[in-house]
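Asker: One structure, pasted below without further comment.
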Amino acid sequence: MNILKRYLKFSLKRSSQVVEGTMAAATQVLPCDSTSIVFSLDDQVAISSPETLAALRTAAACLKDHLPVAFPTETVYGLGAIALNATAASKIFSTKGRPADNPLIVHVSSRRMLQTLLPQNYALSPSYELLIEHFWPGPLTLLFPCDHSQIPDIITAGQPTVAIRMPSHPVARALISVTDAPLAAPSANSSGKPSPTRAEHVVNDLNGKITIILDGGPCEVGLESTVVDGLHEDGNIRILRPGGITVEDIKRVLVNGFSDADTPIPQILVHRRDFSDDALEQAPTTPGMKYRHYSPSVPVTLMRTSNAPPGIEPLSPSAFLEDLKRSIPHSPDTLRVGLLMPSDSILMKSLISNTTFQWHEFPFGLVSEPAIIARRLFDGLLTLEREGVDLILVEEVSEENEGLAIMNRVKKAAGSSQWITIP
Ligand code: TXA
Ligand code: MG
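First residue of the sequence shown: 7, per my numbering; consecutive thereafter.
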């Protein structure tokens, strides 16, 4: 924390204080106590902390004035605006520098609110019923047919579908409920940067550009929601973006849910692994296909420890470091290298035994704990960037469970990759 503090250009006070920034406008950070927020079974919210209630009401008033508000979700911090108002939603795009053809996810606080957004004659499929029952509220986004009479084109970028999710973070859900309106919210970062998982990350990026950040502490999941398209006639479930709900979780629920049904169990197809789609490749309808994503301002290299494909000769860790020394223009003893590697990584042990470099390890969880690695990935990228490292090395994880989403983000963040032989 001390290292981080040295690099902060402003003091962040966690009690309804204004953050002194280098920019003209001030951003207020309002702490919210998640434990003071309770939802009843019929989706009514009760907030016992007066400070939290006041913060939520202030944020709701801002949203109604068409000013975007940053708020915590269980995945990453979001930058919200009232989804049914095109002027409000347009501020999200201008604040983030987000390309207009990248559609937004709409966040709801209840099934009732979901229903108000759907076309009148639309009925949920059995798959969607099961997924909603098991994973909402939570990090799962579903595509629905868009009711264009209600949802402005700016939200969907003119797509025939709209992406909707119900977040489980009490502050996110309470904000939607107190505002009494669905909120469009991408991650609360400048376009192309890693998504923020702590209020400080939002301050570092958007200070002076937004009025309010609700601080609900660090995000539990750490990677964005899983985006699912279950609207195809074949009934199969297409994963457009792997995320907080794993493919294995979805499969388990569908297999159990369809076991007694006459209809076959839907297949689960992961984009780019199990299917490709020319239209998807051309349109930025899911992250990373058209635009740069998740990249800090320092170079990131993915260290691949799985079997190298034919034609690629892997390097030993020491040969890799020799190459690195040669490729850097300034003296290698000043090179500060950030490491995002599991704490029990054999590769990391081997690298840090070389004392020519200054190593900056970020605590990353064990190889056997992909959920913890997922939680810390963006935090690690942003923290190491702020510590002023010259480059960041991220070790490959197995693409199972949360590992699929981790690798999806890391491949997009990394400008280069290197196959390594583990000693
Ligand atoms: O966890 C999350 O999903 C976070 C939090 C804040 O909820 N939000 C988030 O939003 O990650 P964003 O904008 O960074 O990513 C949403 C992605 C977009 O890249 C977009 O391409 C895709 O969802 N998306 C939105 N609407 C879509 C649609 N109609 N069809 C296909 N993909 C869509
Ligand atoms: Mg994003």
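We treat Cβ as the ideally placed atom computed from N, Cα and C, and that holds for glycine.
#1: Helix, strand or coil for residue 168? Go by DSSP, reduced to three states.
#2: Assuming the contact rule is C-beta atoms closer than 8 Å, residue 74 and residue 65 should be a hit. Round their C-beta distance to whole Å, please.
#3: Rounded to whole angstroms, how far is the Cβ of residue 256 from the Cβ of residue 276, which I believe are closer than 8 Å?
#4: If we ignore side chains and look at the alpha-carbon of each, how far apart do residue 389 and residue 168 end up?
#5: What would DSSP say about residue 52, mapped onto helix, strand or coil?
#6: Going along the chain, which unbroken runs of the alpha helix (DSSP H) with 4 or more residues stay wholly within the region 133-185?
#7: Does DSSP put residue 363 in a helix, a strand or coil?
#8: In the DSSP assignment, what are the bridge partners of residue 422?
#9: Is there at least one non-hydrogen atom of ligand 1 closer than 6 Å to the beta-carbon of residue 223?
#10: Is residue 401 helix, strand or coil by DSSP?
#11: Assuming residue 385 and residue 203 are in contact, meaning their beta carbons sit under 8 Å apart, how far apart are those beta carbons, in whole angstroms?
#12: State yes or no: is the C-beta of residue 423 within less than 7 Å of the C-beta of residue 353?
#13: Kindly indicate which three-state DSSP category residue 342 falls into: helix, strand or coil?
#14: Which first and last residues belong to the beta strand (DSSP E) in which residue 34 is found?
#15: If you count every other CB in all the chains shown that lies within 10 Å of the CB of residue 6, and 16 or more means buried, which is it?
#16: Along the alpha helix (DSSP H) that carries residue 384, what are the first and last residues, could you check?
#17: Does the beta carbon of residue 93 fall short of 6 Å from some heavy atom of ligand 1?
#18: Would residue 252 be called buried (16 or more neighbouring beta carbons within 10 Å of its own) or exposed?
#19: Per DSSP, what are the beta-bridge partners of residue 193 in this structure?
#20: For residue 200 versus residue 302, is the C-beta distance shorter than 7 Å?
#21: Please list, in chain order, all residues of the same chain as residue 183 whose beta carbon is under 7 Å from its beta carbon, the five residues on each side excluded.
#22: What is the residue span of the alpha helix (DSSP H) that residue 98 lies within?
#23: Would you kindly work out how many angstroms separate the C-alpha atoms of residue 40 and residue 188, rounded to a whole number?
#24: State the Cα-Cα distance for the pair residue 419 and residue 387, rounded to the nearest angstrom.
#25: Excluding the five sequence neighbours on either side, which residues of its own chain have a C-beta within less than 7 Å of the C-beta of residue 173, listed in chain order?
#26: Thinking C-alpha only, which one of 85, 49, 250, 84 is nearest residue 141?
#27: With a threshold of 16 other CB atoms inside 10 Å of the CB of residue 133, please say whether the residue is buried or exposed.
#28: Since residue 43 sits in a beta bridge, which residues does DSSP pair it with?
#29: If you compare alpha carbons, which of 408, 311, 207, 122 is closest to residue 351?
#30: With DSSP run on the structure shown, which of helix, strand or coil describes residue 61?
#31: Buried or exposed for residue 194, please, with buried defined as at least 16 other CB atoms from any protein chain shown within 10 angstroms of its CB.
#32: Taking 7 Å as the cut-off, decide whether the C-beta atoms of residue 6 and residue 395 are in contact.
#33: Less than 6 Å between the CB of residue 121 and some heavy atom of ligand 1, yes or no?
#34: Compare the beta carbon distance of residue 212 and residue 411 with 7 Å and say whether it is the shorter of the two.
#35: The beta strand (DSSP E) spanning residue 221 covers which residue range?
Answerer: Taking the coordinates as given:
#1: strand
#2: Not quite, the Cβ-Cβ distance comes to about 10 Å (not below 8 Å), so this is no contact.
#3: Contact between residue 256 and residue 276 is absent: CB atoms are separated by about 10 Å, not below the 8 Å threshold.
#4: 34 Å
#5: strand
#6: Secondary structure in the region 133-185: the alpha helix (DSSP H) runs of 4 residues or longer, each lying completely within the stretch, are 159-162, 176-185 in chain order.
#7: coil
#8: 307
#9: No, the beta carbon of residue 223 sits no closer than 6 Å to any heavy atom of ligand 1.
#10: In this structure, residue 401 counts as strand in the three-state DSSP scheme.
#11: Sure, about 5 Å apart at Cβ, within 8 Å.
#12: no
#13: Three-state result, residue 342: strand.
#14: 33-37
#15: In this structure the chain extends from 7 to 429, so residue 6 is not present and cannot be described.
#16: 376-392
#17: Residue 93: no, Cβ never under 6 Å from ligand 1.
#18: buried
#19: 84
#20: yes
#21: Cβ within range, chain order: 51, 115.
#22: 92-102
#23: 20 Å
#24: C-alpha separation (whole angstroms): 9 Å.
#25: Setting aside the 5 residues that flank it on each side, residue 173 is surrounded in the same chain by 79, 80, 113, 143, 179, each with a C-beta closer than 7 Å to its C-beta; the list follows chain order.
#26: When only C-alpha atoms are compared, the closest one is 250.
#27: Classification of residue 133: buried, given that the 10 Å Cβ count is 16 or more.
#28: Note: residue 43 sits in a beta bridge opposite 53.
#29: 311
#30: Correct three-state label for residue 61: helix.
#31: buried
#32: There is simply no residue 6 to check, as the chain begins at 7 and stops at 429 in what is shown.
#33: The answer is no for residue 121.
#34: No, the pair does not count as a contact, with Cβ atoms beyond the cut-off.
#35: Its beta strand (DSSP E) spans residues 218-221.
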